[in-house]
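Chain order of the listed sequences is L and A.
Going by my numbering, the residue at position 383 of the first sequence is 383; the numbering climbs one at a time, nothing skipped.
Going by my numbering, the residue at position 411 of the second sequence is 1411; the numbering climbs one at a time, nothing skipped.
Number of protein chains: 2
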Amino acid sequence: MSLHTPDGYQALDNHSVRTFLAGLPEIRSKLGGAPERWTVEEVGDGNLNLVFLVDGPDGSVCVKQSLPYVRAAGESWPLPLDRAFFEQSYYRAIEPHVEGLVPRFYYYEPKLYAFVMEKLSPHIILRRGLIEGKRYPQAAAHVGDFAARSTFATSDFGATIEAKAELTARFAKNTSLIRITAEVVFSDPLSPSPRNRWTSPELDGLAARFRSDSVLKAAVAHFGWRFLTEGQALIHGDLHTGSVMVTETDTRVMDPEFSFVGPIGFDVGAFLANLVMNYLAQPGHATAADDRREQADWVLDQVPVFWNAFKTRFLSLWETSARGDAYPATMFGNPADATVLAAAREVFLDRIFADAVGYAGVKTIRRILGFAHNADFERIADPARRAPLETKAIELARAFLLEPASFRTPEDIVAAAKAI
Amino acid sequence: MSLHTPDGYQALDNHSVRTFLAGLPEIRSKLGGAPERWTVEEVGDGNLNLVFLVDGPDGSVCVKQSLPYVRAAGESWPLPLDRAFFEQSYYRAIEPHVEGLVPRFYYYEPKLYAFVMEKLSPHIILRRGLIEGKRYPQAAAHVGDFAARSTFATSDFGATIEAKAELTARFAKNTSLIRITAEVVFSDPLSPSPRNRWTSPELDGLAARFRSDSVLKAAVAHFGWRFLTEGQALIHGDLHTGSVMVTETDTRVMDPEFSFVGPIGFDVGAFLANLVMNYLAQPGHATAADDRREQADWVLDQVPVFWNAFKTRFLSLWETSARGDAYPATMFGNPADATVLAAAREVFLDRIFADAVGYAGVKTIRRILGFAHNADFERIADPARRAPLETKAIELARAFLLEPASFRTPEDIVAAAKAI
């Protein structure tokens, strides 16, 4: 490896991961048997890291390790290893609050920038399942619940000034991944960046038109400023359908290495955007046997399911668990305050929804014109079939950003997605 | 002293401050002569700290030290010493950017939580001068310039993600003073807090009415949430007219111990509010020889002077010194982008103004109904004369919070203050 790494760091492989785990008595005991008989599979299909699934006779674990570069780009794009520190910090910070909606966390090894957690089985990635035409009746509600629980508990509603300051200070240092988001999500896609790609030549004209759309760029830049400044809660930072593993009944959110104290709407908007993109991509996955119309409608129906789960949980926590310093109870002790306070909470959630719509627009544009695309569209092999679906997605995204007054409710999103 | 303090800490007195300074060769040389012949005066008239002015034959310095309690309240209100660390951190962070608008900083002694800086002479506190009927032709423009330079340089326009993260992480730990602001400025004044006081019995009815105003409380609480979450720039945190020392031609901003990465409008609104309060208080300082009408009008005219200086400088820095990651230049490289970007900047400054109006409302209410009052009103000895002026201020503050659409420009503030 040509990149410099700290003493004690080595990128694990199928052999050394056994040695590492064999040295951890609790993990070794959980797996059982002799380390040389464990099966090890490297499955990291994301953009950044190594991921090993390890099975022993008595149990299994998952090991995730940072590489000193962006895996999807290679060593030409170096990246600090400390993202593993932030990922495990996030799991530890939110695990007490999210009712089992993340994998169980076992161990962090600072020298290796690697951690060990529950191997989820028979879970698959939600995005993959949706692309394959499967339905997960609980998933959207679970992710809404997760987003509400994780952000409420770490916001100034659920956490004291002192507790939130700890999170703010710790995660502010996650600058390498905050920078990646700022560049790859917000600025690159509408700039002449060499990292961008799109379905070409079909979308060449669209890409040029979007890069020339000054008003759209100003709207995206404003959300970029808000992303960098609005420290509302500890957010996951990459809460798309590829960060969620599911079965029919169980849902787990993973891959929080982009986490920091940021705007709640960024998490909510990421999931909304990815549901809408999956909906719009469904015709591209149609076969003679299945036109995917019912699947598409079902996916789109998850938009209000997700938002309503988020909103209901957030409001209910605000009623029962307001231990923070924002909107303090001391200010609203009169019986007559209750109605006004309830209305203020509704307005607050409306603002989060509006933010989410804007961030959904930003996150959709970047999946069509930017560096990292998503499988919803990428798995449509024929560009002539893919490009018109991507065009629908990005035109809807533009409306999210430039016509915010048209998107007051999740039903507005559903209607607009169907109409486009 | 009954409160526990760390090893090495002692509250300085007129004797030990000499010993401390005599041990610092550069400071000793600056003062000149024998330490026992230096004159030492303790002048801390603020709410929190010890302040010594030390004069030697060759020069002078000012020493500021944290006490382990709130000086204005006594030992019954303990307060961590580390605010001196944050105050000196602020000076060091913004000194390169503010063109001499702060005192020169000389030395910080961590064990004593004390620092040494320039003794300003013949400067007096701006608020005191305004109360005495003096005018400082440069002051408002200088403070506007200061607010723009200090916040721009530490915002995501002037600083990289990495540089701003350092500030965010460091100042997030200033929780004791952030908590004081959250409580004493935002929540206490409209709550039944024993720390509150007001001109009684004259304002008893008004205080009760304000505490029962649910809609007003929700508006204040929303600004309180924004204060805790909007990490826009390193802000001074207490930028009122008592934090500014002036001569006819020189202006210095001091007392930044409340600093943290927060909303820019909080600094701007603090100064606006204190100009307006001084204006409204002027009739209370009238004498047979001077009805103070001209002085009052001059003070109020400083509202647009201050805002225009802030806005002009902020926009000019945005043109020339945009080294940050928000609104990055890479997104706006087309010639056609210039007009839209200029309009977006105007909208951005309009938002800061709107924020400032809201924070001005919050900061005015707290000076009439909360713990810490200001000399503008307090120096009006006769409560029958003071109370109606305070009533004007707080009714205007209520309009700032509940009728924001009426305050789009500084001239709107001037007109409303004259009309009330």
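Here a beta-carbon is modelled for each residue, glycine too, at the ideal position from N, C-alpha and C.
Because the structure is a prediction, the values reported are computed rather than measured.
Check, Outcome
"Output needed in chain order: residues of the region 143-157 of chain L with a Cβ under 9 Å from some Cβ in chain A.", "SER155, ASP156 and PHE157"
"Going along chain D, which residues have a C-beta under 7 Å from L:ASN196?", "Structure shown: chain D not included; protein chains present are L and A."
"Is the shortest distance between the beta-carbon of A:ALA1182 and the beta-carbons of chain L less than 8 Å?", "yes"
"Assuming L:LEU81 and L:PHE210 form a contact by the criterion Cβ under 8 Å, report the distance between their Cβ atoms to the nearest whole angstrom.", "Not a contact, Cβ separation roughly 35 Å."
"A:GLN1282 CB to nearest chain L CB: under 8 Å?", "no"
"Comparing the CB of A:ALA1022 with every heavy atom of the ligand MN, is any distance shorter than 7 Å?", "By its list of ligands, the structure shown contains no ligand whatsoever, and the ligand MN lies outside what it can speak to."
"Would you call the region 1035-1055 of chain A and the region 1007-1018 of chain A in contact, with 3 or more CB pairs under 8 Å?", "yes"
"Closest Cβ-Cβ distance between L:LEU228 and chain A: below 8 Å?", "yes"
"Contact criterion: CB-CB distance below 8 Å. Does A:SER1212 meet it with respect to chain L?", "yes"
"At the 8 Å Cβ level, is L:SER191 part of the contact set with chain A, yes or no?", "yes"
"If contact means a Cβ-Cβ distance below 7 Å, which residues of the region 1295-1327 of chain A contact chain L?", "ASP1325, ALA1326 and TYR1327"
"Going by DSSP in three states, A:GLY1361 sits in which element: helix, strand or coil?", "helix"
"Could you tell me the distance, in whole angstroms, from the CA atom of L:ASN196 to the CA atom of A:ASN1278?", "56 Å"
"Below 8 Å on the Cβ atoms is my contact criterion, and I expect L:LEU272 with L:ALA356 to pass it. Report the Cβ-Cβ distance as a whole number of Å.", "6 Å"
"Inspect the beta-carbon positions of L:ALA233 and A:VAL1340 and report whether they are closer than 8 Å.", "no"
"Go ahead and label L:TRP77 buried or exposed: buried means 16 or more other beta carbons lie within 10 angstroms of its beta carbon, across all protein chains shown.", "exposed"
"Would a check of beta-carbon distances place L:GLY358 closer than 8 Å to chain A?", "no"
"Determine, using beta carbons only, whether A:ALA1221 comes closer than 8 Å to chain L.", "yes"
"Excluding five sequence neighbours on each side, which residues of the same chain lie with their C-beta closer than 7 Å to the C-beta of L:LEU130?", "THR241, ASN278 and VAL299"
"Just by C-beta distance, which residues in the region 72-83 of chain L are closer than 8 Å to chain A?", "none"
"Please state whether DSSP places A:ASP1055 in a helix, a strand or coil.", "strand"
"Please report whether the beta-carbon of L:PHE400 lies at a distance below 8 Å from any beta-carbon of chain A.", "no"
"Is it buried or exposed, L:ASP204, if we count other Cβ atoms within 10 angstroms and call 16 or more buried?", "exposed"
"Is there contact between the region 1307-1323 of chain A and the region 1341-1351 of chain A, where contact requires at least three CB pairs shorter than 8 Å?", "yes"
"Please classify L:PRO78: does DSSP put it in a helix, a strand, or coil?", "strand"
"Between the alpha carbons of L:ARG149 and L:ALA93, how many angstroms are there, rounded?", "12 Å"
"DSSP three-state label for L:GLU395, please.", "helix"
"Measuring only between beta-carbons, confirm whether A:PHE1085 sits less than 8 Å from chain L.", "no"
"Measuring CB to CB, does L:SER212 end up less than 8 Å from L:GLY324?", "no"
"In whole angstroms, what is the alpha-carbon distance linking L:ARG408 and L:ALA415?", "12 Å"
"Could you tell me which residues DSSP pairs with L:VAL102 in its beta bridges?", "Partner(s): none; L:VAL102 has no beta bridge."
"Alpha carbon to alpha carbon, how far is A:ASP1301 from A:MET1001? Give it in angstroms, no decimals.", "In this prediction, A:MET1001 scores a pLDDT of 46, lower than 50, which makes its location untrustworthy; the coordinate-derived value is nonetheless stated afterwards. Spanning the two alpha carbons is a distance of roughly 47 Å."
"If we ignore side chains and look at the alpha-carbon of each, how far apart do L:ILE124 and L:PRO96 end up?", "24 Å"
"Cβ closer than 7 Å: which chain A residues qualify as neighbours of L:PHE292?", "Before going on, a small fix: residue 292 of chain L reads as Arg here, not Phe. Simply none; closest approach about 36 Å."
"What distance in whole Å lies between the Cβ atoms of A:THR1175 and L:ILE161, which are believed to be in contact at a cut-off of 8 Å?", "5 Å"
"Would you please verify whether the beta carbon of L:ASP350 is less than 8 Å from any beta carbon of chain A?", "no"
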